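A.B. asks:
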Amino acid sequence: MSRRNTSIVAAVCLVIFLGGSAALLHHSDQIRPTTAPEDALYIDSPKFLKRASLGYQGLLADIYWTRAVQYFGVRHHNHATNYALLAPLLEITTQLDPQLMVAYEFGASFLAPAPPSGAGEPERAIQLMEYGIQQNPENWKLYYDLGFVYYMNLKDYRKAGDAFARGSKVPHALPVLKVLAAQMAEHAEDFATARILWSATYQNTRDELIRQNAIEHLRALRVDEDVTHLQEAVSRFTGRTGTLPSSMAELAAVEHLPGVPVDPDGRPYIITAAGRVEVKVPADFPFAVKGLPPGFKPELPRFHPQAK
Amino acid sequence: MNSRIFHIASNTFREAVRDRVLYNLIAFALLLSGAAVFVGQISLEIEKLVVINLGLTAVSLFGVVIAIFIGIGLVSKEIEKRTLYTVLSRPVRRWEFIVGKFFGLAGTLVVNTFFMAIGVFAALFYVSHRFIRADALIFVALYFAVLEFIILCALALLFSSFSSPLLSAVFAFSLFVIGSFAEDLRSFAGMAHGFTRWLATGAAYLVPNFSAFNIVSSIAHEQPVAPQLILHNTLYAFFYAAMALSGAVLIFENRNLK
Amino acid sequence: MPAIEILGLEKSYKVGFWIKRPRRALHPLHLTVEDGEVFGFLGPNGAGKTTTLKLLMGLVFPSSGSARILGRQWTDPEVKAQIGFLPEQPYFYDHLTAHELLNYYAQLSGVSAKDRSRRVESTLQRVGLKDVRGVQLRKFSKGMLQRVGIAQAILHDPKLVFFDEPMSGLDPVGRREVRDLMEQLKHEGKTVFFSTHILSDAEALCDRVAIINKGELRGIGAIDDLTSSVQGKVEVIWHGAQVPVSMKALGAECHITGETVRAIIGEAQQDAAIDALRREHLRLIAITPVRTSLEAYFVEKLQHAESKARTAV
Numbered sequence: 001m002s003r004r005n006t007s008i009v010a011a012v013c014l015v016i017f018l019g020g021s022a023a024l025l026h027h028s029d030q031i032r033p034t035t036a037p038e039d040a041l042y043i044d045s046p047k048f049l050k051r052a053s054l055g056y057q058g059l060l061a062d063i064y065w066t067r068a069v070q071y072f073g074v075r076h077h078n079h080a081t082n083y084a085l086l087a088p089l090l091e092i093t094t095q096l097d098p099q100l101m102v103a104y105e106f107g108a109s110f111l112a113p114a115p116p117s118g119a120g121e122p123e124r125a126i127q128l129m130e131y132g133i134q135q136n137p138e139n140w141k142l143y144y145d146l147g148f149v150y151y152m153n154l155k156d157y158r159k160a161g162d163a164f165a166r167g168s169k170v171p172h173a174l175p176v177l178k179v180l181a182a183q184m185a186e187h188a189e190d191f192a193t194a195r196i197l198w199s200a201t202y203q204n205t206r207d208e209l210i211r212q213n214a215i216e217h218l219r220a221l222r223v224d225e226d227v228t229h230l231q232e233a234v235s236r237f238t239g240r241t242g243t244l245p246s247s248m249a250e251l252a253a254v255e256h257l258p259g260v261p262v263d264p265d266g267r268p269y270i271i272t273a274a275g276r277v278e279v280k281v282p283a284d285f286p287f288a289v290k291g292l293p294p295g296f297k298p299e300l301p302r303f304h305p306q307a308k
Numbered sequence: 309m310n311s312r313i314f315h316i317a318s319n320t321f322r323e324a325v326r327d328r329v330l331y332n333l334i335a336f337a338l339l340l341s342g343a344a345v346f347v348g349q350i351s352l353e354i355e356k357l358v359v360i361n362l363g364l365t366a367v368s369l370f371g372v373v374i375a376i377f378i379g380i381g382l383v384s385k386e387i388e389k390r391t392l393y394t395v396l397s398r399p400v401r402r403w404e405f406i407v408g409k410f411f412g413l414a415g416t417l418v419v420n421t422f423f424m425a426i427g428v429f430a431a432l433f434y435v436s437h438r439f440i441r442a443d444a445l446i447f448v449a450l451y452f453a454v455l456e457f458i459i460l461c462a463l464a465l466l467f468s469s470f471s472s473p474l475l476s477a478v479f480a481f482s483l484f485v486i487g488s489f490a491e492d493l494r495s496f497a498g499m500a501h502g503f504t505r506w507l508a509t510g511a512a513y514l515v516p517n518f519s520a521f522n523i524v525s526s527i528a529h530e531q532p533v534a535p536q537l538i539l540h541n542t543l544y545a546f547f548y549a550a551m552a553l554s555g556a557v558l559i560f561e562n563r564n565l566k
Numbered sequence: 567m568p569a570i571e572i573l574g575l576e577k578s579y580k581v582g583f584w585i586k587r588p589r590r591a592l593h594p595l596h597l598t599v600e601d602g603e604v605f606g607f608l609g610p611n612g613a614g615k616t617t618t619l620k621l622l623m624g625l626v627f628p629s630s631g632s633a634r635i636l637g638r639q640w641t642d643p644e645v646k647a648q649i650g651f652l653p654e655q656p657y658f659y660d661h662l663t664a665h666e667l668l669n670y671y672a673q674l675s676g677v678s679a680k681d682r683s684r685r686v687e688s689t690l691q692r693v694g695l696k697d698v699r700g701v702q703l704r705k706f707s708k709g710m711l712q713r714v715g716i717a718q719a720i721l722h723d724p725k726l727v728f729f730d731e732p733m734s735g736l737d738p739v740g741r742r743e744v745r746d747l748m749e750q751l752k753h754e755g756k757t758v759f760f761s762t763h764i765l766s767d768a769e770a771l772c773d774r775v776a777i778i779n780k781g782e783l784r785g786i787g788a789i790d791d792l793t794s795s796v797q798g799k800v801e802v803i804w805h806g807a808q809v810p811v812s813m814k815a816l817g818a819e820c821h822i823t824g825e826t827v828r829a830i831i832g833e834a835q836q837d838a839a840i841d842a843l844r845r846e847h848l849r850l851i852a853i854t855p856v857r858t859s860l861e862a863y864f865v866e867k868l869q870h871a872e873s874k875a876r877t878a879v
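Chains as they are written, first to last, in my numbering: chain A, 1 to 308; chain B, 309 to 566; chain C, 567 to 879.
So this is what it looks like as structure tokens:
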């Protein structure tokens, strides 16, 4: 066999075997859920990992951080309701690299909220933040995140206020912390307070998932606020005329609203026969509390590409 | 098998055994017996776990080191020292040389793993004084380790066929590390978009997928191994090693040996 | 049938990292080596000798041209069973013994199992390594490795052997032995093609030589032709430190060293000179024709090519 023939045979073999191994990998991806043990975390002791990393903790932390994000991202994408490994993954990451701020942020945004938008473990989120504060007492963001969890997920406004107040004493802290600490006492339930919080989260993160989550909440907040005001207008209308408004246009005319009110996507709000103000496409506002049809359950929080 | 391939393989085996592999076995024996005695004294509950974990991890690491460090020298060292000239001036085809070298090293690794396996079982017997059914799973882990070595030695040979030993070592070792995280790479590819996705998917299918081969931790916890996984890994190792070997032949057949 | 026919083999390498420029390592080479010849391939270091040998061995591929060895296409693997090759400064597997190494090479060359051990033993004997047959090669000196290299080249009784700088790294005794071995090979009817930059070796051994420099063939011919007597002169040497007057009359230039005198005269005056010495009762020691040395020829060829190159520029 000449050199040229040998080369041709070798090239053909190369292509065949490359195809074969790729096909096999593809096939194994299909059967994986039934064969592979599901996402087991065999080494769950951060202390052991820290020693085992032989000094390459930073790198190992980065790997664990990537895994945490992927774990959450993939399961979120697949509409999972159980995020049991998110907390340990984040804990290991931050033990390996206590200065990895984005891991704490991620915990505040996704560890505390109830499923399907988070792991539903606010207590562990708080532990994570307190650990972070202990490691980085000079970083105001961690106090902010701690207060955020208390406020959003536990509705414990006193503790949230404490956290914001502690944070506001840190050098170079964002002035908004002082405002938030004050608001907690009397105006905790105000839309404005919630808006300040989500805006601050939005402005101070560089993580895309966290940012989109904040956008969704800001959109939902606007819906909640709009619907509250419009519902009051409906009540005034009924008080004055004794009937329900037949349409949003009629309500707007009688109550002197500046035009027909629209939701954040630019679609006009609607009024049902029972006099309820609702958004036109409820699925677009998974975090909204008001303006949704009775009994509506959002399937999953879909993230909108950069809609403000 | 063609007799020249056989002779090249057995000569490679003999060189490797005399050169370095013996030291490796001595180091392995010392490490394992020391560890067995040590954990036998301190822990009662997890001593078996530790011996299995440590033993199989050591088998894997020693094998990987041997596969890479002997594999990278197989061709480039022969060019550098001009021993290849005296081989290729005989009626030996270049592809026979590559294939023979591969089988020689693969054989070395199999025999080496066999002896290390005896060590693992001896240490296991020392700490638990008997064998149970689940211990048979260790054979599966050892088998997977051998498959992993075979892929690595084909890769080392591939790099060795066109680059210097140092660069080959860097390439082979990087691929080993990337390959161990292949699963993560593929899930990353699944989440990425556009060009990144295209690139990541390509890379994910091209790098060796070692994540499926490492079952040491689950073996230590006596979790069963799916038969499909054994079949899958066997086929995959065969395909991947054959691919790397074809690449090595393709490059080597057309290379000017300066 | 010629043993080697080189039909315009040519080799260019691409050099440069970013911008590849071809560099010619060997200009198209035409050369024929007859069966049973000892052929010397001469040239300074870096002239292209090793490149030519590597091309013939199939270690590097030519840019163009081809060759026939023992009547077959040079890339034919069957040809390689009948040739032996000693690379320059050979080096072998450190952890094998001389015996194991030769056995391995015999296997690769396809020596049958029943002949193998006899051939290995006799070859070890022949190169004088029988006493160290069980010693690992990493303990061998450079000279011993050179012998191993020669052993592996002649092990399978090839019809044609290629030696690249066979004398390099050897002490005077070793060189003597290698010379003797090459003469033996010639007597056995083998064809020997060897490269060297040491001219005395070539002069002593070769039937024919080719001179190569900068990748180009500069000259080729039989040793006897290249060094044949020039100007028809002879050298006369005699004992007794005196120069007869009649000798001076012949126009000889004489050099006296101790008790011996050397004189160079024209071939025609040879008889007159002998008579002159007889008359004076001086003892004649030798009369030899004066030859141009191979060195002179070699230097002339190289200088000629250089000056040609300069005028071309």
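Quick reminder that beta carbons are idealized off the backbone N, C-alpha and C, glycines included.
Since the structure is predicted, the reported quantities are computational estimates derived from the model, not experimental observations.
Count the other CB atoms within 10 Å of the CB of A:GLY242; is the residue buried (16 or more) or exposed (fewer)?
C.D. replies: Position 242 of the first sequence, counted from the first residue, corresponds to residue 242 of chain A. Result: exposed.
A.B. asks: Could you name the residues of chain B that C:ILE649 contacts, counting a contact when the two beta carbons are closer than 8 Å?
C.D. replies: Indexing the third sequence from 1 puts residue 649 of chain C at position 83. Here the neighbours are SER397.
A.B. asks: Among B:ASN517, B:GLN531, B:VAL372, B:SER471, which residue has its Cα nearest to the Cα of B:LEU445?
C.D. replies: On the second sequence, residue 445 of chain B is found 137 positions in, with the first residue counted as 1. It is B:GLN531.
A.B. asks: Which whole runs of the alpha helix (DSSP H) in the stretch 498-524 of chain B are 4 residues long or more, in chain order?
C.D. replies: 502-514
A.B. asks: Counting only C-beta atoms, is A:PHE17 closer than 8 Å to chain B at any point?
C.D. replies: Taking the first residue of the first sequence as position 1, residue 17 of chain A is located at position 17. Judged by the 8 Å Cβ criterion, A:PHE17 is in contact with chain B.
A.B. asks: Closer than 7 Å by C-beta to A:LEU89: which residues in its own chain qualify, once you throw out the five before and the five after it? Chain order, please.
C.D. replies: In the first sequence, residue 89 of chain A corresponds to position 89, counting from 1. Here the set comprises TYR64, ARG67, ALA68, TYR71.
A.B. asks: Can you look up A:TRP198 in the DSSP assignment and give me helix, strand or coil?
C.D. replies: Your numbering for residue 198 of chain A matches position 198 in the first sequence. Looking at A:TRP198 - three-state DSSP - the assignment turns out to be helix.
A.B. asks: Spatial neighbours of B:LEU483 within its chain, please: C-beta separation below 7 Å, excluding the five flanking residues on both sides.
C.D. replies: Residue mapping note: residue 483 of chain B aligns to position 175 of the second sequence, counting from 1. If we look at B:LEU483 and ignore the five residues flanking it on each side, its Cβ neighbours are LEU463, VAL515, PRO516.
A.B. asks: Across which residues does DSSP place B:ARG398 in a beta bridge pair?
C.D. replies: In the second sequence, the residue the question calls residue 398 of chain B occupies position 90. Looking at the DSSP assignment, B:ARG398 forms no beta bridge with any residue, so it has no partner.
A.B. asks: Take B:ASN310 and list the residues in its own chain whose beta-carbon comes closer than 8 Å to its own, dropping the five residues that flank it on each side.
C.D. replies: Numbered from its first residue, the second sequence carries residue 310 of chain B at position 2. The residues are GLU404.
A.B. asks: Rounded to whole angstroms, what is the Cα-Cα separation between B:ASN541 and B:TYR513?
C.D. replies: As a working mapping, residue 541 of chain B is identified with position 233 in the second sequence. As a working mapping, residue 513 of chain B is identified with position 205 in the second sequence. Rounded to the nearest angstrom, the two C-alpha atoms are 15 Å apart.
A.B. asks: Quick one: measure Cβ to Cβ for C:ALA834 and C:MET813, integer angstroms, because I've assumed they're closer than 8 Å.
C.D. replies: By 1-based counting over the third sequence, the position of residue 834 of chain C is 268. By 1-based counting over the third sequence, the position of residue 813 of chain C is 247. The Cβ separation is near 15 Å, so there is no contact.
A.B. asks: With respect to 7 Å, is the separation between the Cβ of A:ILE133 and the closest non-hydrogen atom of the ligand GTP below this value?
C.D. replies: With respect to the ligand GTP, the structure offers nothing, as it holds no ligand at all.
A.B. asks: Using a Cβ cut-off of 8 Å (strictly closer), state whether B:HIS437 contacts chain C.
C.D. replies: As a working note, residue 437 of chain B is residue 129 in the second sequence. Chain C contact via Cβ: absent.
A.B. asks: Please list the segments of the alpha helix (DSSP H) lying wholly inside the stretch 638-696 of chain C, counting only runs of 4 or more residues, in order along the chain.
C.D. replies: 643-646, 664-674, 679-692
A.B. asks: May I ask you to list, following chain order, the residues of the stretch 705-722 of chain C that have a beta carbon less than 7 Å from some beta carbon of chain B?
C.D. replies: GLN718
A.B. asks: Just verifying my parser: in three-state terms, what is the DSSP assignment at B:ASN332?
C.D. replies: Position 24 of the second sequence, counted from the first residue, corresponds to residue 332 of chain B. Note: B:ASN332 maps to helix in three-state DSSP.
A.B. asks: Spell out a yes or no on whether the stretch 485-502 of chain B and the stretch 414-432 of chain B are touching, meaning 3 or more CB-CB pairs, one atom from each, closer than 8 Å.
C.D. replies: no
A.B. asks: Alpha carbon to alpha carbon, how far is C:ILE649 from C:ASP601?
C.D. replies: As a working mapping, residue 649 of chain C is identified with position 83 in the third sequence. As a working mapping, residue 601 of chain C is identified with position 35 in the third sequence. Looking at the two C-alpha atoms, the distance is approximately 13 Å.
A.B. asks: Does the beta-carbon distance from C:HIS596 to C:ILE570 come in below 8 Å?
C.D. replies: Reading the third sequence from its first residue, position 30 is the one you call residue 596 of chain C. Reading the third sequence from its first residue, position 4 is the one you call residue 570 of chain C. No, the pair does not count as a contact, with Cβ atoms beyond the cut-off.
A.B. asks: Please tell me whether A:LEU221 and A:TYR269 are closer than 8 Å, where the distance is taken between their beta carbons.
C.D. replies: As a first step, residue 221 of chain A must be located in the first sequence, where it is residue number 221. As a first step, residue 269 of chain A must be located in the first sequence, where it is residue number 269. Between A:LEU221 and A:TYR269, the C-beta gap is not smaller than 8 Å, which leaves the two residues out of contact.
A.B. asks: Does B:PHE439 pass the burial test, meaning 16 or more other C-beta atoms within 10 Å, or should it be called exposed?
C.D. replies: Indexing the second sequence from 1 puts residue 439 of chain B at position 131. Counting Cβ neighbours within 10 Å, B:PHE439 comes out exposed, since fewer than 16 surround it.
A.B. asks: Quick check on A:ILE8: does DSSP put it in helix, strand or coil?
C.D. replies: As a first step, residue 8 of chain A must be located in the first sequence, where it is residue number 8. Residue state, collapsed to three classes: helix.
A.B. asks: Compute the beta-carbon to beta-carbon distance between B:ILE406 and B:SER469, rounded to the nearest angstrom, for a pair I have assumed lies under 8 Å.
C.D. replies: Residue numbering aside, residue 406 of chain B sits at position 98 when the second sequence is read from its first letter. Residue numbering aside, residue 469 of chain B sits at position 161 when the second sequence is read from its first letter. With a Cβ gap of about 7 Å, B:ILE406 and B:SER469 count as contacting.
A.B. asks: Quick check on the DSSP output: what are the complete alpha helix (DSSP H) runs of length 4 or more inside the stretch 409-472 of chain B, in order along the chain?
C.D. replies: 445-468
A.B. asks: For A:GLY20 and chain B, any beta-carbon pair shorter than 8 Å?
C.D. replies: Position 20 of the first sequence holds residue 20 of chain A. True, the Cβ-Cβ gap to chain B drops below 8 Å.
A.B. asks: Once the 5 residues before and after C:ALA815 are set aside, which same chain residues still bring their CB inside 8 Å of it?
C.D. replies: Working through the third sequence from its first residue, we reach residue 815 of chain C at position 249. Within the same chain, C:ALA815 has no close Cβ partners at all.
A.B. asks: Contact defined as beta carbons within less than 8 Å: I believe B:ALA528 pairs with B:ILE360. What is the distance between those atoms, to the nearest angstrom?
C.D. replies: The count along the second sequence starts at 1 and reaches residue 528 of chain B at position 220. The count along the second sequence starts at 1 and reaches residue 360 of chain B at position 52. Confirmed, about 4 Å.
A.B. asks: Given that a residue counts as buried once 16 or more other Cβ atoms are within 10 Å of its Cβ, and exposed if not, what is A:PRO264?
C.D. replies: Along the first sequence, one-based indexing puts residue 264 of chain A at 264. Taking every protein chain shown into account, the CB of A:PRO264 has 16 or more other CB atoms within 10 angstroms, so this residue is buried.
A.B. asks: What do you get for B:ILE458, buried or exposed, if any count of 16 or more other CB atoms within 10 angstroms of its CB means buried?
C.D. replies: For the purposes of this step, residue 458 of chain B is taken as the residue at position 150 of the second sequence. With 16 or more other Cβ atoms within 10 Å, it is buried.
A.B. asks: I'd like to know if C:GLN673 contacts chain B, where contact means its C-beta is closer than 8 Å to some C-beta of that chain.
C.D. replies: On the third sequence, residue 673 of chain C is found 107 positions in, with the first residue counted as 1. With 8 Å as the cut-off, C:GLN673 counts as an interface residue toward chain B.
A.B. asks: Which of the three DSSP states, helix, strand or coil, is assigned to B:ALA556?
C.D. replies: The sequence position of residue 556 of chain B within the second sequence is 248, counting from 1. In the displayed model, B:ALA556 falls within a helix according to three-state DSSP.
A.B. asks: Closer than 8 Å by beta-carbon distance: list the chain B residues that pair up with C:MET623, in chain order.
C.D. replies: Counting from 1 along the third sequence, the entry for residue 623 of chain C is found at position 57. Simply TYR393, LEU396, SER397.
A.B. asks: What are the start and end residues of each continuous alpha helix (DSSP H) run of 4 or more residues lying completely inside the stretch 831-868 of chain C, in chain order?
C.D. replies: 836-845
A.B. asks: Compare the beta carbon distance of C:GLN861 and C:SER734 with 8 Å and say whether it is the shorter of the two.
C.D. replies: Position 295 of the third sequence, counting from 1, holds the residue named residue 861 of chain C. Position 168 of the third sequence, counting from 1, holds the residue named residue 734 of chain C. Before going further, note that residue 861 of chain C is Glu rather than Gln in the sequence given. No.
A.B. asks: Going by C-alpha distance, which of C:VAL775, C:GLY781, C:TYR659 is nearest C:ASP791?
C.D. replies: Taking the third sequence and counting its residues from 1, one reaches residue 791 of chain C at position 225. Of the listed residues, the one whose Cα sits closest to C:ASP791 is C:VAL775.
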